[in-house]
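What follows is a short report on a single structure.
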Amino acid sequence: MTIIDGMETEILWRAVGDRDARFDGTFVFAVATTGIFCRPSCKARRPKRENVRFFAATVEAEACGYRPCLRCRPTAADADPVVTAIVTAIREIEEFPEASLDELASTAGLSSYHFQRKFKEIVGISPKRYSEAIKMERFKDEVRSGRDVTTAIYEAGFGSARAIYEKANEALGMTPAAYKKGGKGVSIEFTTVECDLGIMLVARTKRGICSVSFGDDRPDLISSLGAEFPNADIVEDSSGLEAIVRGILDHLAGRSRRLVLPLDLQATAFQLQVWEMLRKIPYGETRSYAEIAEQIGDRRKVRAVARACATNRVALVIPCHRVVASDGRLSGYRWGIERKKKLLERESSGAKTSGR
Ligand SMILES: [Zn+2]
């Protein structure tokens with residue numbers, strides 16, 4: 011019996027949310043409150059996530075007591091063999107994230123090239139990134155359940171301790187050991203400074219910047235830093251941050267157009283992907299949420315992109331202010347729309363005058 015759970019359900023749930031007909035026949039979703047199961051593209055209203063279970067086959071849903079929906083007739087759905095192969099591969103990675111690309115492709119009956127392309131098209135990220143994310147999730151689970159870090163590294167499928175530390179770096183994340191304690195033992199230094207956008211707070215761990223935020227009220231900014239890192243030791247230290255703050259202020263004043271600073275952030279694979287894109291938007295330019303979604307390879311993810319922008323914790327360093335609505339409206343900004351407006355005006359005039 012294959013009741014699908016784990017991280018792959020995020021992908022299936024997204025297909026349900028999008029009513030993505032490509033997935034019809036490859037899985038069904040059953041709703042506990044109605045006792046009915048549907049194909050992904052069913053037109054019926056979407057249930058709450060917590061009431062939904064996923065099944066690889068209709069007979070399995072029926073064996074669990076669910077009845078097929080009369081509207082979408084899930085038992086009559088023909089599966090696209092390629093999508094089915096990819097969904098099977100997703101499940102395979104979930105169980106065995108160490109599997110190589112060639113192994114996965116050959117189980118799917120596709121060439122490595124075709125497999126990789128199709129996987130990316132359907133899942134949104136490459137099989138390699140997906141299996142890294144699975145390993146990272148697994149590692150976190152192991153650690154949460156009380157396993158020591160070294161054992162957890164191997165249990166999660168990382169070949170060596172070095173591999174995960176490299177990944178953690180790449181993921182702009184806290185080190186595995188720091189993760190175990192929920193940020194406990196991580197010391198964070200911060201400082202605040204007045205600038206023409208109000209008060210700016212800059213905070214960092216030993217590894218990099220973990221927060222850059224703007225506000226009108228210093229105590230407010232400090233208490234939201236504390237709320238974001240409830241277990242960290244947070245101390246004020248302006249001298250250690252002097253050079254960084256100066257760099258940010260220079261950038262803010264238009265004296266330097268690139269702002270490259272080491273970061274220490276906790277993020278999902280998707281947030282990372284979006285943030286990487288944001289860092290590539292040149293000074294003085296903007297992109298729409300839709301354009302970013304398209305660059306990531308899935309134009310339907312506009313809202314998810316907007317959410318990733320809204321959860322950015324490091325203003326300016328990850329320039330989420332350079333993303334606007336498709337019609338050019340400024341849309342939202344975590345630190346206030348007025349600040350976004352000011353930043354964009356300044357950057358566009360700065361880009362013109364210095365555009366030699
Ligand atoms: Zn239905």
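Per the working numbering, the very first residue in the sequence shown carries number 11; after that it's consecutive.
We put the CB at the ideal spot given by N, CA and C, even for glycine.
Owing to the predicted nature of the structure, the values given are computational and were not obtained by experimental measurement.
Checklist entry - Got a sec? Which residues, its chain only, sit under 7 angstroms from Lys351 by beta carbon, not counting five neighbours each side? => result Leu340
Next on the checklist: Tell me whether Arg55, by its Cβ, gets closer than 6 angstroms to a heavy atom of ligand 1.
Outcome noted: no
Item to check | Distance, Val327 Cα to Gly250 Cα | outcome: 18 angstroms
Checklist entry - Going by DSSP, what residues sit across from Ser110 in a beta bridge? => result Bridge partners of Ser110: none, in fact.
Checklist entry - Would you say Ala303 and Lys290 are within 7 angstroms of each other, going by their C-beta atoms? => result no
Next on the checklist: Tell me the rounded alpha-carbon separation between Gly45 and Lys58.
Outcome noted: 13 angstroms
Item to check | Any 3 or more C-beta pairs closer than 8 angstroms across the segment 269-278 and the segment 331-340 | outcome: no
Next on the checklist: Quick check on the DSSP output: the beta strand (DSSP E) that includes Arg214 runs from which residue to which?
Outcome noted: 208-214
Checklist entry - Any chance the CB of Arg63 is under 6 angstroms from a heavy atom of ligand 1? => result no
Next on the checklist: Count Cβ pairs between the segment 127-144 and the segment 90-109 that sit closer than 8 angstroms; are there 3 or more?
Outcome noted: yes
Checklist entry - Can you tell which of Glu252, Ala263, Leu262, Phe200 has the C-alpha that lies nearest to the C-alpha of Leu235? => result Phe200
Item to check | Beta-carbon contacts of Ala95 that lie in its chain and below 7 angstroms, excluding the five residues immediately before and after | outcome: Ala118, Gly119, Leu120
Item to check | Environment of Pro91 [buried if 16+ CB atoms lie within 10 Å] | outcome: exposed
Item to check | Beta-carbon gap between Val26 and Phe39 smaller than 7 angstroms | outcome: yes
Item to check | Integer-rounded CB distance, given that Ser141 should sit under 8 angstroms from Pro107 | outcome: 4 angstroms
Item to check | Cβ separation of Phe125 and Cys79, assumed to be a contact under 8 angstroms, to the nearest whole Å | outcome: The Cβ separation is near 32 angstroms, so there is no contact.
Checklist entry - According to the neighbour-count rule (16 or more other Cβ atoms, all chains shown, within 10 Å of its Cβ), is Thr43 buried or exposed? => result exposed
Item to check | Where Ala316 sits in the DSSP three-state scheme | outcome: helix
Checklist entry - With distances taken from CA atoms, which of Ala325, Arg323, Cys330, Gly307 is nearest Ala316? => result Cys330
Checklist entry - In chain order, what residues of the same chain have a beta carbon less than 6 angstroms from the beta carbon of Arg323, not counting five sequence neighbours either side? => result Ser221
Item to check | Burial state of Leu354, where buried means 16 or more other Cβ atoms lie within 10 Å | outcome: buried
Next on the checklist: Tell me the DSSP secondary structure of Pro50 in three-state form.
Outcome noted: coil
Next on the checklist: Applying the 10 Å Cβ sphere with the 16-neighbour rule, what's the burial state of Gly195?
Outcome noted: exposed
Checklist entry - Below 7 angstroms between beta carbons: does that hold for Glu165 and Glu147? => result no
Item to check | Close Cβ partners of Ala320 (< 7 angstroms) along its chain, the five nearest in sequence each way excluded | outcome: Gly342, Arg344
Next on the checklist: Measuring alpha carbon to alpha carbon, tell me which residue in Ala73, Cys74, Ala67 is nearest Pro84.
Outcome noted: Ala67
Next on the checklist: Once the 5 residues before and after Gly427 are set aside, which same chain residues still bring their CB inside 7 angstroms of it?
Outcome noted: The requested residue 427 does not occur in the structure, where the chain is confined to residues 11 to 366.
Checklist entry - If you drop the 5 nearest sequence neighbours on each side, which residues of the same chain put their C-beta closer than 8 angstroms to that of Arg77? => result Gly45, Ile46, Phe47
Checklist entry - Starting from Ile244 and walking both ways along the beta strand (DSSP E), at which residues does that stretch end? => result 243-246
Checklist entry - Which same chain residues, not among the five before or five after Gly360, have their C-beta less than 8 angstroms away from its C-beta? => result Gly264, Arg267, Tyr293, Gly294
Next on the checklist: I believe Leu271 touches Ile254 by the beta-carbon criterion, under 8 angstroms. Please report the beta-carbon distance rounded to the nearest angstrom.
Outcome noted: 6 angstroms
Item to check | Nearest-angstrom Cα separation, counted from Arg49 out to Leu211 | outcome: 49 angstroms
Checklist entry - What distance in whole Å lies between the Cβ atoms of Ala242 and Ser298, which are believed to be in contact at a cut-off of 8 angstroms? => result Incorrect: roughly 35 angstroms between the Cβ atoms, too far for contact.
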